[in-house]
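Residues in the sequence shown are numbered from 33 upward in steps of one, following this note's numbering.
For each residue, glycine too, the CB sits at the ideal point set by N, CA and C.
Have a look at the structure below before the remarks.
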Amino acid sequence: MFFLLRRYWNGINRRARWLWIIFFPPLIYIVLVLANPQSFIVTQAVDVSSDSPVTRTPGSAEAISIKTLAEERFLFEDEQTYWTLRSRLDQEFPRESGAGIALWSLLHHDMNMRWTGTDQLELSYRGSDRSLGEFLVDFFVQRLLARTKEGRLVAASESAGRLASTGIRVDVPPAEVVGKVQTTEQRTLTGQGRAVALILVVSLCVVLFILGALEWTDASFKSERQVARYLGVPVLGSLPDLDEVLEHREPGLPWGDQPSH
Numbered sequence: 033m034f035f036l037l038r039r040y041w042n043g044i045n046r047r048a049r050w051l052w053i054i055f056f057p058p059l060i061y062i063v064l065v066l067a068n069p070q071s072f073i074v075t076q077a078v079d080v081s082s083d084s085p086v087t088r089t090p091g092s093a094e095a096i097s098i099k100t101l102a103e104e105r106f107l108f109e110d111e112q113t114y115w116t117l118r119s120r121l122d123q124e125f126p127r128e129s130g131a132g133i134a135l136w137s138l139l140h141h142d143m144n145m146r147w148t149g150t151d152q153l154e155l156s157y158r159g160s161d162r163s164l165g166e167f168l169v170d171f172f173v174q175r176l177l178a179r180t181k182e183g184r185l186v187a188a189s190e191s192a193g194r195l196a197s198t199g200i201r202v203d204v205p206p207a208e209v210v211g212k213v214q215t216t217e218q219r220t221l222t223g224q225g226r227a228v229a230l231i232l233v234v235s236l237c238v239v240l241f242i243l244g245a246l247e248w249t250d251a252s253f254k255s256e257r258q259v260a261r262y263l264g265v266p267v268l269g270s271l272p273d274l275d276e277v278l279e280h281r282e283p284g285l286p287w288g289d290q291p292s293h
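Now the structure itself:
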């Protein structure tokens with residue numbers, strides 16, 4: 033048993049220069065991961081005053097400030113918007129709608145609205161589907177513009193006292209989209225450590241198996257003991273391996289002065 037293990041170990045040592053192959057599959061995996069974005073950030077800026085009036089829900093007769101709308105996420109999480117959006121998704125993404133998209137969860141976690149300046153609001157999506165993100169950002173931007181128009185009409189009919197108590201102003205410019213939708217690709221190895229380690233272990237096992245198979249299919253003699261068994265006669269002497277002799281030879285010294293090993 034010890035002889036077999038020693039033979040296997042010596043076979044691996046003779047072919048050790050091929051062990052670098054174990055790093056090839058993990059490197060390919062890392063390159064493929066970095067070549068394909070894991071997520072996308074889709075953003076659209078809108079110029080609008082924080083005091084601008086909007087309707088609390090689409091078609092509502094109640095106006096609130098757009099600052100309140102952003103803080104309480106009324107734009108994303110009202111029931112009427114949900115069903116309108118669900119209907120649009122059925123048309124635009126028939127294969128992904130229905131059970132394929134957990135819409136409430138998506139709106140709660142992937143959609144966001146924040147102020148990037150005194151009078152600039154940014155609507156954004158962060159997720160793994162670029163087309164869906166661009167669709168959602170455009171959908172909610174259009175909803176926001178429509179509700180600011182409705183809010184200005186509702187606020188114009190309300191008393192000055194009511195407007196002052198809600199922080200709404202009607203003497204502000206209308207909301208306006210700034211530029212085009214911006215999409216940023218996110219590439220990262222975060223969370224891929226376990227997969228890389230697993231691929232490395234599998235690669236190591238495969239390479240060791242191949243090296244072992246090459247060793248066992250090699251019919252050459254590996255020791256004097258094998259020669260003696262095969263010939264059935266004792267071995268009287270042997271020549272050293274010249275490769276090992278040259279490897280341990282100290283340069284600059286004559287052959288006769290080489291140290292013995």
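- For P206, the closest alpha carbon among the candidates D79, P272 and V228 is that of D79.
- Taking the Cα positions, L51 is about 39 Å away from D161.
- Within the same chain, Cβ atoms closer than 8 Å to the Cβ of Y114 are found at L135, W136 and L139, the five residues on either side in sequence being excluded.
- Y40 has its alpha-carbon roughly 19 Å from the corresponding atom of V233.
- Where S137 is concerned, the enclosing alpha helix (DSSP H) starts and stops at L135 to H141.
- Contact between Q112 and P90 holds: CB atoms are separated by about 5 Å, below the 8 Å threshold.
- Between E182 and T87, the C-beta gap is smaller than 8 Å, which places the two residues in contact.
- In the DSSP assignment, no residue is bridged to R49.
- In this structure, the straight-line span from the alpha carbon of A187 to that of S97 is close to 10 Å.
- As the crow flies, the alpha-carbon of L117 is around 10 Å from that of F167.
- A95 is bridged by DSSP to T87.
- In this structure L236 is not in contact with I44, their Cβ atoms being roughly 11 Å apart against a cut-off of 8 Å.
- One thing to note: E247 has its Cβ no nearer than 8 Å to the Cβ of F72.
- Under the three-state reduction of DSSP, S235 is assigned to helix.
- Looking at the backbone, the Cα of D250 and that of I54 are separated by about 22 Å.
- One Cα belongs to A67, the other to T222, and the distance between them is close to 14 Å.
- The secondary-structure analysis by DSSP pairs E111 with nothing; it has no beta-bridge partner.
- In the three-state scheme derived from DSSP, where H, G and I count as helix and E and B as strand, F106 is classed as coil.
- Counting along the chain, T216 sits inside the beta strand (DSSP E) bounded by residues E208 to Q218.
- Residue pairing from DSSP places W147 in a beta bridge opposite L153.
- Per DSSP, F55 lies in no beta strand (DSSP E) segment and is marked neither H nor E.
- The C-beta of R175 has 16 or more other C-beta atoms within 10 Å across all chains shown, which makes the residue buried.
- Going by beta carbons, Q152 and V210 fall inside the 8 Å limit.
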